[in-house]
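Enquirer: If you scroll down you'll find the structure; I have some questions about it.
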Amino acid sequence: LSMMGSQAGGSGEGSKEDRVKAMYEGNLKFNMLLRSLETCGKPVAAAINGTALGGGLEVTLACHYRVASDNPKTQIGLPEAKVGLLPGGGGTQRLPRLIGAQAALPLILQGTSLSPEKALKAGILHKVVPAAELVSAAKAWLKEGLAQDKIKLGKKGPEVYPIAVQPWDMPGYKVPGGDPNGKGGSQVFTIGNATLHKQTHGNFPAQRYIMSCVYEGLQVPMEAGIRIETRYFTKLLMDPRSKAMIRSLFLSMQELAKGARRPSDVAPFQVKKLGILGAGMMGAG
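All you need for the working numbering is the position in the sequence shown, starting with 1, plus 38.
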């Protein structure tokens, strides 16, 4: 699987209940497709050469191996929270299961983007290589893994290659840092909730729903966690506060960057010199 460059909600006609149902089922279908990918029994490697943000990263998290190029333009992250959304492609479930809630929550809540080197250090990537070696590095991992002996998943489970199994699907898997009800995990969520409320005063539903997705999802199997995330994702899409943030922070900013409202009969003009005149502090300076 090659990521050479990025999730969308959905809407339709009909009653509010019909739209909610369509959103939920559509997003769940995509999520279950990714779940099928990571449980297909075949090893899947993601070669990332460019931007892997949002849905792009979520697809790679469903792969068993992630290698990225050292291209300075490569970015890794889940920025949805910055525009009033939450990762709706399994991001709130896979990232905490991969690196632990304590490390994952700040990245998801703040929508932080990481360089390949920082993503490697965080445990999100397995390897960073020069762009020219990207595909060959992914193929080398596949060849090495397929040379290993198969293992049996459970007493009655199928025999599979170890590299074709996600950590959270391995027998005896434990969440890094502890589950939400454990000693370490409970502290993360207790302190995290208090800090989040202090920073947002309850005015940002996306961050609150992200906390709920991670807290509830880590206590159940992956399939149930995906359904929890999908439920909160759908609920968020219908929230007027979230809609306003998406319009103001994403759609309107894109229009502004493209000059969508610029009059067509006004020629572009480049300002080469700018001055401020006046008797006040700024003008006198």
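Built from N, CA and C at the ideal position, the CB exists for glycine as well.
Determine the closest residue to valine 105 out of Gly126, Ala83 and Leu116, with distance taken between C-alpha atoms.
Expert: Position 67 of the sequence shown, counting from 1, holds the residue named residue 105. When only C-alpha atoms are compared, the closest one is Ala83.
Enquirer: Considering only their Cβ atoms, is the gap separating glycine 79 from alanine 176 smaller than 7 Å?
Expert: Along the sequence shown, one-based indexing puts residue 176 at 138. Along the sequence shown, one-based indexing puts residue 79 at 41. No, the Cβ-Cβ distance between alanine 176 and glycine 79 is not below 7 Å.
Enquirer: In chain order, what are the residue ranges of uninterrupted alpha helix (DSSP H) at least 4 long that sit wholly in the region 243-280?
Expert: As far as the region 243-280 is concerned, its whole alpha helix (DSSP H) runs of at least 4 residues are 243-255 and 260-275.
Enquirer: Where glycine 92 and proline 117 are concerned, what is the direct C-alpha to C-alpha distance, given to the nearest angstrom?
Expert: Indexing the sequence shown from 1 puts residue 92 at position 54. Indexing the sequence shown from 1 puts residue 117 at position 79. So the two alpha carbons sit approximately 6 Å from each other.
Enquirer: Considering only the alpha carbon of each residue, which of Tyr62, Lys193, Lys165 and Glu197 lies closest to leucine 184?
Expert: Here residue 184 refers to the residue found at position 146 when the sequence shown is read from its first residue. Minimum Cα distance to leucine 184 is reached at Glu197.
Enquirer: Could you tell me which residues DSSP puts in a beta bridge with glycine 210?
Expert: The sequence position of residue 210 within the sequence shown is 172, counting from 1. Glycine 210 pairs with nothing; no bridge assigned.
Enquirer: For alanine 160, which residues in the same chain have their Cβ closer than 7 Å to its Cβ, ignoring the five residues on either side in sequence?
Expert: If you number the sequence shown from 1, residue 160 lands on position 122. Cβ neighbours of alanine 160 beyond the five flanking positions: Ile137, Ala141 and Leu152.
Enquirer: Using alpha carbons as the reference points, say which of Gln131, Gly115 and Gly122 lies closest to lysine 156.
Expert: The sequence position of residue 156 within the sequence shown is 118, counting from 1. Among Gln131, Gly115 and Gly122, the Cα nearest to that of lysine 156 belongs to Gly115.
Enquirer: Does the separation of the CB atoms of alanine 60 and glutamate 76 fall below 7 Å?
Expert: As a working mapping, residue 60 is identified with position 22 in the sequence shown. As a working mapping, residue 76 is identified with position 38 in the sequence shown. Going by C-beta atoms, alanine 60 is not nearer than 7 Å to glutamate 76.
Enquirer: With the cut-off set at 7 Å, would you say leucine 343 and phenylalanine 271 are in Cβ contact?
Expert: The chain is shown from 39 up to 323; residue 343 falls before or after that span and cannot be answered.
Enquirer: Rounded to whole angstroms, what's the CA-CA distance from proline 306 to glutamine 131? Just pull it up for me.
Expert: Here residue 306 refers to the residue found at position 268 of the sequence shown. Here residue 131 refers to the residue found at position 93 of the sequence shown. Spanning the two alpha carbons is a distance of roughly 47 Å.
Enquirer: Hey, alanine 244 and glycine 122: beta-carbon distance below 7 Å or not?
Expert: Along the sequence shown, read from residue 1 onward, the residue named residue 244 stands at position 206. Along the sequence shown, read from residue 1 onward, the residue named residue 122 stands at position 84. Yes, they are a contact pair.
Enquirer: Name the DSSP beta bridge partners of isoleucine 189, please?
Expert: Locating residue 189 in the sequence shown gives position 151, where the first residue counts as 1. Answer is Val198, bridged to isoleucine 189.
Enquirer: Is it right to say glutamine 186 is buried, meaning 16 or more other beta carbons lie within 10 angstroms of its own, or is it exposed?
Expert: Here residue 186 refers to the residue found at position 148 when the sequence shown is read from its first residue. Result: exposed.
Enquirer: When the Cα atoms are used, what is the spatial distance from lysine 311 to alanine 282?
Expert: Numbered from its first residue, the sequence shown carries residue 311 at position 273. Numbered from its first residue, the sequence shown carries residue 282 at position 244. Each residue's alpha carbon lies about 37 Å from the other.
Enquirer: For aspartate 108 and proline 154, which I take to be in contact (beta-carbon distance under 8 Å), what is that distance rounded to the nearest angstrom?
Expert: Translated into the one-based positions of the sequence shown, residue 108 becomes position 70. Translated into the one-based positions of the sequence shown, residue 154 becomes position 116. About 6 Å separates the two Cβ atoms, so the contact holds.
Enquirer: Could you tell me whether any Cβ in chain B is nearer than 7 Å to the Cβ of alanine 232?
Expert: The structure shown has no chain B; it contains just one protein chain.
Enquirer: Are there 16 or more other CB atoms within 10 angstroms of the CB of proline 134, so buried, or fewer, so exposed?
Expert: The count along the sequence shown starts at 1 and reaches residue 134 at position 96. Buried.
Enquirer: With lysine 165 as the anchor, note down where its alpha helix (DSSP H) starts and where it stops.
Expert: Translated into positions along the sequence shown, residue 165 becomes position 127. That residue, lysine 165, is in no alpha helix (DSSP H); its beta strand (DSSP E) goes 165-167.
Enquirer: Using DSSP with H/G/I as helix, E/B as strand and the rest coil, what is isoleucine 86?
Expert: Sequence index remark: in the sequence shown, residue 86 carries index 48 (1-based). Three-state result, isoleucine 86: strand.
Enquirer: Go ahead and label glycine 316 buried or exposed: buried means 16 or more other beta carbons lie within 10 angstroms of its beta carbon, across all protein chains shown.
Expert: Along the sequence shown, one-based indexing puts residue 316 at 278. Flag for glycine 316 reads exposed.
Enquirer: What would DSSP say about glycine 47, mapped onto helix, strand or coil?
Expert: As a working mapping, residue 47 is identified with position 9 in the sequence shown. Because the pLDDT of glycine 47 is 41, which lies under 50, any placement of that residue in the model is unreliable, and the question is left without a value.
Enquirer: Since tyrosine 103 sits in a beta bridge, which residues does DSSP pair it with?
Expert: By 1-based counting over the sequence shown, the position of residue 103 is 65. According to DSSP, tyrosine 103 bridges with Ala83.
Enquirer: DSSP three-state label for glycine 115, please.
Expert: To locate residue 115, count along the sequence shown from 1; it is residue 77. Of the three classes helix, strand and coil, the one that applies to glycine 115 here is strand, per DSSP.
Enquirer: Of the residues Gln204, Lys221 and Gly240, which one's Cα is nearest the Cα of histidine 102?
Expert: For the purposes of this step, residue 102 is taken as the residue at position 64 of the sequence shown. The shortest C-alpha separation from histidine 102 is found at Gln204.
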